[in-house]
Structure formats: structure tokens, C-alpha cells
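Numbering (the working numbering), first residue to last: 10 to 295. Note that beta-carbon positions come from the ideal geometry of N, C-alpha and C, so glycine has one too. Below: one structure, written as C-alpha cells.
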Ligand code: SF4
Ligand code: SF4
């Protein structure tokens with residue numbers, strides 16, 4: 010079983026469109042949406058949730074008003090402004106340090122596991138998908154990414170799947186690191202703009218750091234052929250293979266509006282380019 014992550018360095022480059030196309034094209038795989046802060050692969054794959062799991066991370070203080078003698082010690086010691094003047098805990102500000110619980114003379118404060126979100130195992134028209142939803146303002150998305158990747162890996166091993174295909178988070182932060190560890194290849198999707206080149210460089214550097222081969226796809230390459238050439242040259246100069254180019258095509262927008270992948274859309278040229286990209290990527294891993 011091999012794992013591939015689709016990354017972009019930033020959102021809005023067509024990464025999820027590319028991942029959705031691979032979901033439709035590649036047989037015998039498990040899909041994972043690691044963009045847990047703003048998941049959107051489900052819009053294309055319309056999953057039916059089969060399993061639902063809580064995601065807990067860190068702790069928050071809980072204050073039992075019946076036991077509280079209103080001495081104000083918790084308010085005095087909290088350095089995060091999480092205890093209000095009325096002696097209530099503001100969960101959004103509580104950092105879970107536990108100091109208030111330690112100093113409370115009447116044991117009115119307990120530390121409880123923090124429910125940050127949920128993760129799901131779902132069925133789609135293209136097979137199993139593991140995905141998640143992080144609560145608003147919650148942190149630790151890297152930990153949630155690691156958790157859903159582990160779940161996908163276990164399913165793939167148990168059901169003898171050949172591939173785990175991961176829709177990676179945008180950027181290069183902690184969740185991206187979590188989506189990269191242990192993968193066999195990165196498919197980098199970028200657009201032909203100066204910021205696209207900058208973002209591509211950052212992902213290529215990450216790939217180098219983790220010694221993971223990277224292949225490039227320039228999305229909407231024909232809106233700026235000159236910058237496309239520059240990005241592809243930078244890649245080939247830095248040992249990154251060019252898997253393919255996708256042109257700007259109204260069929261992509263139409264497919265997304267209809268909640269379909271581009272492999273289910275109306276553009277034969279796009280479909281054949283996706284097949285070529287997959288053959289290049291797969292060929293490099295054999
Ligand atoms: S656990 Fe720490 S951050 Fe949270 S309310 Fe208590 S002292 Fe403040
Ligand atoms: S330290 Fe304990 S008893 Fe004192 S105000 Fe806070 S919760 Fe109430």
C-alpha cells in the first residue's frame with residue numbers, strides 16, 4: 010500500500026479538484042481529507058457517514074458553582090483571562106494549564122478533556138473516505154490529521170487497498186507536516202502566478218527536507234504560459250518531475266457546481282490529462 014498527498018502551499022489552487030479527480034480515477038484506495046480546518050472534498054464526493062468518532066485534545070477547566078466559596082483565587086491566578094469577574098470559566102480563553110484547579114480551596118474546579126471536533130469513516134461512490142471536522146477556533150489540527158491518517162492506513166491495510174490518497178491542508182504548517190509523514194509521494198498543485206511559484210518552492214523544500222519525491226501539476230497553465238515555464242524550470246532544476254498541466258476549462262467550474270469530479274465532467278482533454286498525471290505519478294512509485 011502506498012500513500013500520496015496532494016499539496017498546494019496555499020488554498021484555492023485546485024488541489025481538491027485534483028484530489029477528487031484521483032478519487033474517481035484510481036481503483037482500490039482509501040481517500041483522506043486532511044484539510045480539517047476547512048474540509049471541502051466532501052462537496053465533490055458526497056460521503057455517507059458510516060462511523061462517527063469524537064476528537065478530544067487538551068483539557069479545559071470546569072467550575073462547579075455549588076462547591077465554589079467565591080474566594081476569587083482562580084481569578085487571581087489565571088494568566089489567560091479565562092476566569093471572569095463573575096467567577097465563570099470562559100472556555101474559549103482557557104488554555105488548560107490547570108493552575109486554577111490546583112489553587113481552589115474547595116476543589117470546585119476540575120480539568121476535563123476538551124472535545125475539539127469529530128472524525129468520520131464514510132462511504133462514497135468512489136469507495137471509503139476518512140474525514141474530519143474541527144470545532145470553530147479549536148487548535149491541534151495536526152493531531153487530528155495524524156489521527157485520521159492512521160485510521161485510513163488501518164482500513165487500507167485491513168482491506169488490502171493499494172493506495173491511500175490524501176487531500177492535504179493548505180500552507181506548510183503543523184497539519185501539513187502531519188499529512189506528509191510517511192507518504193511515498195507528494196503531488197504539488199500550483200497556479201502560474203508569482204505567489205504560486207513562491208508556494209511551490211516552499212512545498213518542494215518540505216519534500217526535500219523529508220526526502221519525499223514531489224511531482225508538479227500547474228493548474229490553469231494557459232492563463233500565464235511564461236510563469237508556467239518558470240515554475241516548471243524551477244522544478245526540473247530542483248529534481249521535481251512535471252507530472253502534467255491542466256488548462257483553464259469551464260468544464261471544471263461546471264463539474265464543481267454540480268458536485269462532480271472532473272472525471273465525471275464533460276471535458277475529454279481534461280480527463281486524458283488527469284490520466285497522464287496519474288500514470289506519471291504512479292510510474293515514479295513502482
Ligand atoms: S486552567 Fe489555566 S487557563 Fe484555564 S481557567 Fe484555569 S488557570 Fe485559567
Ligand atoms: S478558587 Fe475555587 S472556591 Fe475560589 S472562587 Fe475559584 S472556584 Fe470558587
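For residue 69, the shortest C-beta to heavy atom distance toward ligand 1 is below 8 Å. Here residue 78 has 115 as same chain residues with Cβ atoms under 6 Å from its own Cβ, once five neighbours each way along the sequence are excluded. With respect to the C-alpha of residue 37, the residue from 50, 172, 65, 157 having the closest C-alpha is 172. The beta carbon of residue 76 lies closer than 7 Å to those of 115, 116, 117 in the same chain, with the five residues before and after it left out. Take residue 193, set aside five residues on each side of it, and the residues of its chain with a beta-carbon closer than 7 Å to its own are 11, 12, 13, 294, in chain order.
Taking 4 residues as the minimum length, the alpha helix (DSSP H) runs contained wholly in the segment 101-183 are 108-112, 150-167, in order along the chain.
Residue 270 and residue 29 do touch by the CB rule: their CB atoms are close to 4 Å apart, below 8 Å. For ligand 2, no non-hydrogen atom lies closer than 8 Å to the CB of residue 91. Annotated three-state conformation of residue 42 is strand, per DSSP.
The beta-bridge partner set that DSSP reports for residue 11 consists of 172.
A residue is called buried when at least 16 other Cβ atoms come within 10 angstroms of its Cβ; residue 153 meets this threshold and is buried. Here residue 59 really is in contact with residue 132; their C-beta atoms are around 6 Å apart, less than 8 Å. The beta carbons of residue 98 and residue 62 sit about 26 Å from each other, so the pair does not count as a contact at 8 Å.
With a 10 Å radius around the Cβ and a threshold of 16 neighbouring Cβ atoms, residue 135 comes out buried.
For residue 63, the enclosing beta strand (DSSP E) covers residues 57-72.
Per DSSP, residue 30 is one residue of the alpha helix (DSSP H) stretching across 24-34. Counting other Cβ atoms within 10 Å of its Cβ, residue 207 stays below 16 and is therefore classed as exposed.
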